[in-house]
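**Student:**
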Amino acid sequence: MRTGEPLPAVGEVLAALATGLWHWNTATGLVTVDAEAARLLGLPSERATLSQAQVRARLHPVDWNEISGVIQLAVAEGTLGEVRVRIMDDRGRVVRVGRSRFHASFDREKRSYEVTGSLQEVTEPVPGTSAGRTAVTGDWRRSREAFLLDAGRALAEARSTAEVLRVAAGLSMPGFSPDGLAVFGVTGDRLTIIGHHGHQPGDEGPFTHMALDTDYPAAEVVRTGRAVYLSSPEKYKDRYPVTWPLAAHFDRQSWAFLPLTVAGRTMGAWMAAFTYPVAFTPDERSVLTTVARMLAQALSRAEAAESARELTDGLQRSMLPKLGPEIPGMDVAARYVPTGGGLQVGGDWYDMIPLPGGTSRTEFGGGRFALVIGDVQGHDVRAAGLMGQLRIALRAYASEGHRPDAVLSRASRFLHGMTFGALDEDPSDLRFATCLYVEVDPASGLLDIARAGHPDPAIRMTDGTVLARPTAGGLPLGIDPDADYPTTRITLEPGETMLLCTDGLIETGGHDLETGWKRIRSILEEHDGDLEGLADALVQAVHGPSSHHTTGPLADRREDDIAVLLLRRQGDGHADAALRPTVRRTVLSVAQAEPERVGVARQQLRELLHDWASEDQVDSAVLLLSETLTNVLVHTDADALLLAEVRGEPGDRRVRVEVTDTSDDLPHRRSPGELASSGRGLMLIELLAQAWGVDPRGEGKSIWFELYESEGAVESGGGSVEVAVALDVELP
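Be aware that the sequence shown starts at 1, since it is given in our numbering, and climbs by one per residue.
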């Protein structure tokens with residue numbers, strides 16, 4: 001070549017050097033070779049795309065396993081890889097020794113390798129390398145063992161019938177690899193085709209539903225449990241003349257039909273067909289027999305797993321009902337995720353029950369309905385069975401027209417009789433269930449709630465504020481047959497959403513009730529979409545990929561089943577939502593016998609004012625609320641009702657807190673001495689509130705006060721803490 005002349009093409013140079021190129025993508029399982037590489041592999045000298053099984057059949061099994069290790073090492077070290085390989089013909093004889101140098105890269109997203117390399121023939125094997133070993137004909141038993149170990153691992157990892165068939169189609173046996181496979185099953189007295197490879201679609205037609213008494217090799221194998229080996233078309237035709245025409249057009253030269261036997265029962269047959277004559281020596285028969293046994297075990301496991309999945313899926317569909325028809329003025333969404341254990345069902349459930357008084361006996365119409373969510377202890381078969389029975393009992397009691405407290409009382413007695421009440425019950429297998437029962441009136445938005453040891457509901461208000469609504473409750477169902485379940489009434493305002501869930505939604509991923517609730521609350525506050533999207537977002541946050549970044553502080557990462565129910569009251573439709581004033585509201589009753597609910601009321605007010613501009617005003621509001629509630633409990637014999645309401649836009653809002661009781665005694669301002677323990681309530685209200693008053697009612701009175709955010713944001717001077725210290729009042 002003269003100076004200045006253009007360089008020849010790379011392909012021409014490689015062809016002159018008898019060097020081929022190849023590319024392997026493990027994600028697709030395809031190997032692309034150029035004409036020279038195809039020639040070195042003993043194939044026609046033309047560019048081709050081959051499967052891994054086709055290339056593997058041309059290489060010594062030991063060398064193939066070595067290639068995988070060298071690829072991983074080259075990627076880890078960032079270097080080029082180099083291997084020597086023995087290339088074999090269809091009879092398993094080594095025809096040449098090749099050397100390949102390659103570059104490999106790893107795709108972390110696809111979890112796959114891409115390898116590009118060269119292949120050329122070498123004449124003198126280097127001592128000590130794989131090329132210097134005995135030819136495959138002398139090392140056949142070692143190759144067989146390597147193949148069987150590889151095949152056994154692949155078949156053991158297959159989890160479905162389709163995966164087993166894919167693995168079987170990719171097996172390349174040492175020295176003799178079939179190019180046609182078929183797996184036959186048995187249904188009654190008929191032979192069926194489970195799957196096949198190396199045939200055209202529709203070729204299985206004549207063999208489907210073939211009678212077991214047919215003169216066909218697979219049928220004979222199923223009948224007798226003994227293998228049939230046919231080393232030539234002549235032997236096939238002589239032994240099975242009736243069915244030979246069915247096999248003749250496939251143009252195969254040898255066939256092996258082996259029984260698929262598990263625990264002494266022949267469940268089907270496996271056919272391996274070859275395009276070249278195979279003698280079926282004792283060693284070859286041993287390999288085929290071993291593969292058939294492993295294939296039978298894999299198919300049996302896959303069949304059992306698929307049956308279990310079908311059973312649990314059917315059980316889940318029967319136990320978890322679909323939500324009823326649309327409710328005028330209400331939207332409902334639900335999710336169930338069986339994350340606990342290997343079963344696809346457990347003790348969690350939800351339900352939607354039409355109550356007497358609706359417009360139709362078969363549909364919810366516009367009448368009242370009940371939402372139920374619960375969790376039977378455990379997530380095994382017994383928990384699933386108890387859940388189904390308890391759900392039926394709850395539907396029956398609700399359909400009779402009982403109030404929420406009566407429904408749970410009867411359900412608790414029912415479950416106690418099934419578990420604790422049984423004389424022969426194993427004490428270690430006693431079960432209980434938590435439950436939340438909500439009776440809904442779509443017209444008014446009234447919710448009557450009864451709770452049995454279950455997490456409280458949460459309310460998402462129209463502006464995104466989320467409040468956990470404490471409700472009165474009793475023991476979990478089944479523990480005490482005489483337990484009482486008081487009812488709490490709240491109102492779901494237009495545009496508000498109520499969340500009911502089992503503890504799996506809160507505690508999954510190592511969370512406790514506190515940290516788990518913070519995670520769920522952030523999802524509720526940030527989501528801006530329809531109810532179905534919110535349900536998906538909640539499940540995704542705790543059970544999807546994003547949950548790996550929000551694990552909790554607990555070391556125990558055991559998962560639990562998840563059940564979610566969402567109820568949204570639609571807007572009134574009289575005005576554009578953007579023009580309606582923003583309203584937050586919470587209502588809470590405090591009975592004389594429940595002074596501890598004063599602390600609950602304080603927490604509710606703090607949550608209501610979570611984004612208030614002035615922290616001092618929040619403290620003032622909480623202090624004044626504590627004073628007014630305590631005044632009712634101490635100085636009257638009546639219960640108190642709290643109504644707290646926030647109106648307006650951020651930065652210019654007003655909070656009004658109103659405490660109502662049934663006592664006619666009006667409060668009056670006093671001048672307490674230094675040592676007096678009471679009498680400063682109205683003084684505090686007068687000092688800290690922007691407006692306040694006492695309104696007599698027909699029966700009882702209402703004490704109210706208001707705070708304005710715009711004034712509190714620019715105020716200076718002493719806050720509620722300083723005022724409380726000056727008046728010697730203990731802050732709540």
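All C-beta atoms, glycine included, are put in the ideal place defined by N, C-alpha and C.
Which whole-angstrom value is the C-beta distance of Ile87 and Leu41, which I expect to be below 8 Å?
**Tutor:** On the sequence shown, residue 87 is found 87 positions in, with the first residue counted as 1. On the sequence shown, residue 41 is found 41 positions in, with the first residue counted as 1. Their Cβ separation, rounded to whole angstroms, is 6 Å, which keeps Ile87 and Leu41 in contact under 8 Å.
**Student:** For a test of the three-state rule: what should DSSP assign to Ile459, helix, strand or coil?
**Tutor:** Along the sequence shown, one-based indexing puts residue 459 at 459. Ile459 falls in the strand class under three-state DSSP.
**Student:** Closer than 6 Å by C-beta to Thr49: which residues in its own chain qualify, once you throw out the five before and the five after it? Chain order, please.
**Tutor:** Taking the first residue of the sequence shown as position 1, residue 49 is located at position 49. Here the set comprises Leu30 and Thr32.
**Student:** In whole angstroms, what is the alpha-carbon distance linking Leu14 and Ala292?
**Tutor:** Here residue 14 is taken as the residue at index 14 of the sequence shown, counted from 1. Here residue 292 is taken as the residue at index 292 of the sequence shown, counted from 1. The alpha-carbon atoms of Leu14 and Ala292 are separated by roughly 44 Å.
**Student:** Does Ala450 come out as helix, strand or coil in the three-state DSSP assignment?
**Tutor:** Position 450 of the sequence shown holds residue 450. The answer is strand: DSSP assigns Ala450 an E or B state.
**Student:** Between the stretch 483-490 and the stretch 408-418, do at least 3 Cβ pairs fall closer than 8 Å?
**Tutor:** Touching, per the Cβ criterion.
**Student:** Would you grab the beta carbon distance between Glu109 and Asn25 for me? Rounded to a whole angstrom, and I think it's under 8 Å.
**Tutor:** Sequence index remark: in the sequence shown, residue 109 carries index 109 (1-based). Sequence index remark: in the sequence shown, residue 25 carries index 25 (1-based). Not a contact, Cβ separation roughly 14 Å.
**Student:** Who are the near neighbours of Pro442 in its chain, counting only those whose CB is closer than 7 Å to its CB and skipping five residues on each side?
**Tutor:** To locate residue 442, count along the sequence shown from 1; it is residue 442. Only Ile327, Pro328, Gly329, Met330 and Gly366 meet the Cβ criterion.
**Student:** Identify the continuous beta strand (DSSP E) that holds Leu633 and give its terminal residues.
**Tutor:** Reading the sequence shown from its first residue, position 633 is the one you call residue 633. First-last for Leu633: Glu615 to His635, but that is the alpha helix (DSSP H), not the beta strand (DSSP E).
**Student:** Cβ of Val337 within 8 Å of Cβ of Val539?
**Tutor:** Along the sequence shown, one-based indexing puts residue 337 at 337. Along the sequence shown, one-based indexing puts residue 539 at 539. In contact: Val337 and Val539 (Cβ atoms closer than 8 Å).
**Student:** What is the DSSP secondary structure of Gly170, counted as helix, strand or coil?
**Tutor:** For the purposes of this step, residue 170 is taken as residue 170 along the sequence shown, with counting starting at 1. If DSSP states are grouped into helix, strand and coil, Gly170 belongs with coil.
**Student:** Can you tell me which of Gly529, Leu505 and Ile479 puts its alpha carbon nearest to the alpha carbon of Gly495?
**Tutor:** Stepping through the sequence shown from its first residue, residue 495 is reached at position 495. The residue with the shortest Cα to Cα distance from Gly495 is Gly529.
**Student:** Shortest alpha-carbon distance to Ala384 belongs to which of Gly347, Tyr397 and Ala396?
**Tutor:** Position 384 of the sequence shown, counted from the start, is the residue given in the question as residue 384. Comparing Cα-Cα distances from Ala384 to each of Gly347, Tyr397 and Ala396, the minimum goes to Gly347.
**Student:** Pick helix, strand or coil for Phe369, following the three-state DSSP scheme.
**Tutor:** Looking up residue 369 in the sequence shown gives position 369. Of the three classes helix, strand and coil, the one that applies to Phe369 here is strand, per DSSP.
**Student:** In angstroms, rounded to a whole number, what distance separates the CA positions of Val583 and Val622?
**Tutor:** Taking the first residue of the sequence shown as position 1, residue 583 is located at position 583. Taking the first residue of the sequence shown as position 1, residue 622 is located at position 622. Roughly 19 Å separates the two Cα atoms.
**Student:** Answer yes if the stretch 197-217 comes into contact with the stretch 229-249, meaning at least three C-beta pairs across the two stretches below 8 Å, and no otherwise.
**Tutor:** These segments touch.
**Student:** In angstroms with no decimal places, state the Cα-to-Cα distance between Gly417 and Ala182.
**Tutor:** On the sequence shown, position 417 is the one that residue 417 refers to. On the sequence shown, position 182 is the one that residue 182 refers to. Rounded to the nearest angstrom, the two C-alpha atoms are 55 Å apart.
**Student:** What did DSSP end up calling Phe147 once you bin it into helix, strand or coil?
**Tutor:** The residue labelled residue 147 in the question sits at position 147 within the sequence shown. If DSSP states are grouped into helix, strand and coil, Phe147 belongs with the helices.
**Student:** Which residues in the same chain as Trp270 place their Cβ atom closer than 7 Å to its Cβ, once the five residues preceding and following it in sequence are excluded?
**Tutor:** The sequence position of residue 270 within the sequence shown is 270, counting from 1. The residues are Val183, Leu258, Leu260, Ala292 and Leu295.
**Student:** Let me know the secondary structure DSSP gives Phe280 once reduced to three states.
**Tutor:** Reading the sequence shown from its first residue, position 280 is the one you call residue 280. In the structure shown, Phe280 sits in coil (DSSP, three-state: anything other than H, G, I, E or B).
**Student:** Is DSSP giving Ser589 helix, strand or coil here?
**Tutor:** For this step, residue 589 is matched to residue 589 along the sequence shown. It is a strand residue.
**Student:** Give me, in chain order, the residues of the same chain whose beta-carbon lies closer than 7 Å to that of Gly453; leave out the 5 immediate sequence neighbours on both sides.
**Tutor:** As a first step, residue 453 is located in the sequence shown; it is residue number 453 there, counting from the start. If we look at Gly453 and ignore the five residues flanking it on each side, its Cβ neighbours are Thr434, Gly473, Leu475 and Pro476.
**Student:** According to the neighbour-count rule (16 or more other Cβ atoms, all chains shown, within 10 Å of its Cβ), is Gly651 buried or exposed?
**Tutor:** In the sequence shown, the residue the question calls residue 651 occupies position 651. Exposed, because fewer than 16 other Cβ atoms sit within 10 Å of the Cβ of Gly651.
**Student:** How would you label Ala689, buried or exposed, when you count the other beta carbons within 10 angstroms and need 16 or more for buried?
**Tutor:** In the sequence shown, residue 689 corresponds to position 689, counting from 1. Under this definition Ala689 is a buried residue.
**Student:** Does the stretch 561-572 come close enough to the stretch 584-595 to have 3 or more Cβ pairs within less than 8 Å?
**Tutor:** In short, these stretches do not touch, since the Cβ pair count stays below three.
**Student:** Identify, in the order they occur along the chain, each residue of the same chain with its Cβ nearer than 6 Å to the Cβ of Gly648, setting aside the five sequence neighbours on each side.
**Tutor:** Residue mapping note: residue 648 aligns to position 648 of the sequence shown, counting from 1. Closer than 6 Å at the Cβ level, and outside the excluded window around Gly648, lie Arg654.
**Student:** Throw me the rounded Cβ distance for the Ala256 and Leu288 pair, which I believe falls under 8 Å.
**Tutor:** Residue numbering aside, residue 256 sits at position 256 when the sequence shown is read from its first letter. Residue numbering aside, residue 288 sits at position 288 when the sequence shown is read from its first letter. Confirmed, Cβ separation roughly 5 Å.
**Student:** My output table needs one value for Tyr216: the three-state DSSP class, helix, strand or coil.
**Tutor:** As a working note, residue 216 is residue 216 in the sequence shown. DSSP places Tyr216 in coil when its eight states are reduced to three.
**Student:** Suppose you measure from the CA of Ser716 to the CA of Glu615; what does that come to, to the nearest Å?
**Tutor:** The sequence position of residue 716 within the sequence shown is 716, counting from 1. The sequence position of residue 615 within the sequence shown is 615, counting from 1. Residue confidence is low: Ser716 scores 41 on pLDDT, short of 50, so the model does not pin down where it sits. No coordinate-derived value is stated.
**Student:** From the DSSP output, in three-state form, read off Phe414 for me.
**Tutor:** Here residue 414 refers to the residue found at position 414 of the sequence shown. If DSSP states are grouped into helix, strand and coil, Phe414 belongs with the helices.
**Student:** What number of angstroms, rounded off, separates the C-alpha of Arg382 from the C-alpha of Ala468?
**Tutor:** On the sequence shown, position 382 is the one that residue 382 refers to. On the sequence shown, position 468 is the one that residue 468 refers to. About 32 Å.
**Student:** Straight-line CA distance for Val600 to Asp456?
**Tutor:** Within the sequence shown, the letter at position 600 stands for residue 600. Within the sequence shown, the letter at position 456 stands for residue 456. Cα to Cα, Val600 sits roughly 13 Å from Asp456.
**Student:** Could you tell me which of Ile373, Met387 and Val94 sits nearest to Tyr437, measuring between CA atoms?
**Tutor:** Along the sequence shown, one-based indexing puts residue 437 at 437. When each option's Cα is compared against that of Tyr437, the closest is Ile373.
**Student:** Can you name the residues that DSSP bridges to Pro259?
**Tutor:** As a first step, residue 259 must be located in the sequence shown, where it is residue number 259. Answer is Ala269.
**Student:** Need the endpoints of the beta strand (DSSP E) that Trp22 sits in, please.
**Tutor:** Along the sequence shown, one-based indexing puts residue 22 at 22. Its beta strand (DSSP E) spans residues Thr19 to Asn25.
**Student:** Could you give the DSSP three-state label for Thr551: helix, strand or coil?
**Tutor:** For the purposes of this step, residue 551 is identified with residue 551 of the sequence shown, where counting begins at 1. Note: Thr551 maps to coil in three-state DSSP.
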